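What follows is a single structure, written as structure tokens, with notes after it.
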Amino acid sequence: MGALKLGVAGLGTVGGGLMKLLQAPTPLGGGRLQPVAVCARDRGRARDFDISGLEWFDDAEQLAATGDIDVFVELIGGAEGPARRAVEAALDRGVHVVTANKALLATHGLALAERAERSSAHLAYEAAVAGGIPVIKALRDGLAGGNRVHAVSGILNGTCNYLLTEMETSGRPFADVLSDAQRLGYAEADPTTDVGGFDAGHKIALLSAVAFGTAPEFASVEIEGIDHVTLLDIRMAGKLGYRIKLLAKAERVEDTVRVHVHPALVAFDHPLASVGGSLNAVVIDAEPVGRLSFVGRGAGAGPTASAVAADLLDILAGAARAPFGRRVADLAPHSPAARAEEGRFFLRILVHDKPGVIAAIADRLAKAGVSIESFLQDPAHGGADVPIVLTTQRCPRSALEAAVRHIGAADFIAAPPRTMPIEETRSALRTWS
């Protein structure tokens with residue numbers, strides 16, 4: 000293939016990083032990736048890369064629909080609005096699309112893949128998940144064909160990972176750490192998409208689709224954020240040998256797939272436990288390859304722009320693949336699983352300090368069929384109330400929830416009990432033979 004003419008919509012952090020790669024003294028693709036048109040909010044804004052010789056468009060949809068381009072690079076963001084309309088316009092013309100827009104793909108990925116097939120255009124999105132970590136390629140091109148993937152899990156939101164890490168290392172509460180992160184630019188002014196788990200939900204919906212050969216189905220993702228995780232939870236989990244992470248996971252449950260995002264406890268020897276700060280990580284369990292771990296920067300100009308560039312180079316080389324690894328007609332229907340029926344759990348209870356409380360809690364758990372694995376009381380917490388933390392042996396989630404309802408109604412409870420799942424440390428794969 001000859002040179003590719005690129006139209007780049009969005010010249011922010013990632014768009015600027017991409018333009019620098021393309022305009023470097025030794026340009027990416029040997030000069031065969033040629034930006035010819037751009038679109039951004041402010042034409043007069045000072046930039047540290049050159050757009051003087053490029054055609055300017057005020058509207059992304061106009062660039063996609065009428066620009067003299069081979070590839071439309073969408074770096075605007077958002078599941079609806081100009082990003083969606085522009086991508087649809089490009090695909091309908093047969094113009095290839097490279098995007099970093101996880102919300103768009105997680106919400107409308109199947110419809111966009113159908114448009115791409117009809118016009119013989121490529122739709123690529125390596126940059127939409129985990130920044131510079133090439134996990135989409137690893138799953139789609141290296142694993143999903145020759146392996147049976149059982150689970151994909153990971154830390155997919157750098158903001159949440161930074162907040163939880165900082166709470167643990169500094170001993171400061173969530174609100175204080177979030178305020179500092181916003182001041183330093185690590186968190187948005189409105190952090191809901193990140194701390195609410197929605198950003199990670201978009202990303203795990205895409206990983207699930209590639210891993211299991213289904214259409215992405217964001218609406219089926221169970222999502223819980225980290226805004227209710229307290230410093231007490233982090234401290235007590237640490238005393239029990241665990242670290243709290245916002246875990247995104249897609250896993251086979253018989254003939255269905257469960258996709259979920261939630262704060263979870265991971266043991267100190269789990270591959271995700273040592274991933275701190277704003278780093279991202281993905282763990283893949285598959286047969287026969289076993290367990291694979293990927294760690295790297297999940298955001299920022301360099302890592303994300305490099306993932307965009309990788310997709311562009313694939314298109315240039317004629318190596319681009321179907322968005323979700325298969326043609327649309329071959330994608331399996333998404334069959335969402337029910338919530339996990341069984342597992343181990345962390346339970347934190349704040350109680351009034353009075354005799355008989357521990358026995359009453361144990362009795363309610365026993366009556367529900369829940370066995371205690373470990374137990375910890377923290378009398379040094381201060382104040383009239385005492386935190387009690389325990390972990391359970393494997394039990395049905397419904398049994399734990401029934402016990403928690405009974406415990407929560409007791410007169411010795413000072414605050415609603417809090418539960419979190421405990422992630423398995425070892426790969427649960429069958430032995431391959």
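Using numbering that gives the first Met the number 0, read the sequence shown as starting at 0 and increasing by one per residue.
All C-beta atoms in this analysis are idealised placements derived from N, C-alpha and C, irrespective of residue type, glycine included.
These numbers were taken from a predicted model, which means no experiment stands behind them.
Within the stretch 252–294, there are no complete alpha helix (DSSP H) runs of at least 4 residues. Excluding sequence positions up to five before and after Arg325, its CB lies within less than 6 angstroms of the CB of Gly212, all in the same chain and listed in chain order. Looking at the DSSP output, Ile243 bridges to Leu264.
With contacts defined as CB atoms closer than 8 angstroms, Val288 and Val274 fail to qualify as a contacting pair. Residues of the same chain with their beta carbon placed closer than 7 angstroms to that of Thr168 are lacking, with the five preceding and five following residues left out of the count.
Straight through space, the alpha carbons of Gly6 and Gln22 are spaced by roughly 14 angstroms. Look at Pro26 here: in three-state DSSP terms it is coil, with no helix or strand label. DSSP places Gln61 in the uninterrupted alpha helix (DSSP H) bounded by 59–65.
The straight-line gap separating the alpha-carbon atoms of Ala123 and Gln181 is approximately 31 angstroms. Spatial neighbours of Gly297 in its own chain (CB-CB distance under 6 angstroms, excluding positions within 5 residues in sequence) are listed in chain order as Ala129, Gly130, Gly157, Asn279.
In the structure shown, the three-state DSSP call for Ser51 is coil. Proximity to Asp69 across Gly80, Leu90, Asp58, Gly52 peaks at Leu90, based on C-alpha coordinates. Leu271 is not a Cβ neighbour of His261, given a cutoff of 8 angstroms. For His201, the enclosing alpha helix (DSSP H) covers residues 197–211. The DSSP assignment places 101–118 as complete runs of the alpha helix (DSSP H) inside the stretch 85–154, in order along the chain (cut-off: 4 residues). Here the stretch 242–258 makes contact with the stretch 191–207; the two share three or more CB pairs at distances below 8 angstroms. Close CB contacts of Ala308 within its chain, under the 6 angstroms cut and outside five residues either way in sequence, are with Leu20, Leu27 (chain order).
Residue burial is scored here from C-beta neighbours: His269 has at least 16 other C-beta atoms within 10 angstroms and is therefore classed as buried. A residue is called buried when at least 16 other Cβ atoms come within 10 angstroms of its Cβ; Leu183 does not meet this threshold and is exposed. For the pair His121 and Arg83, the CB atoms are not nearer than the 8 angstroms cut-off. The beta carbon of Pro332 is closer than 6 angstroms to none in its chain, skipping five residues each way along the sequence.
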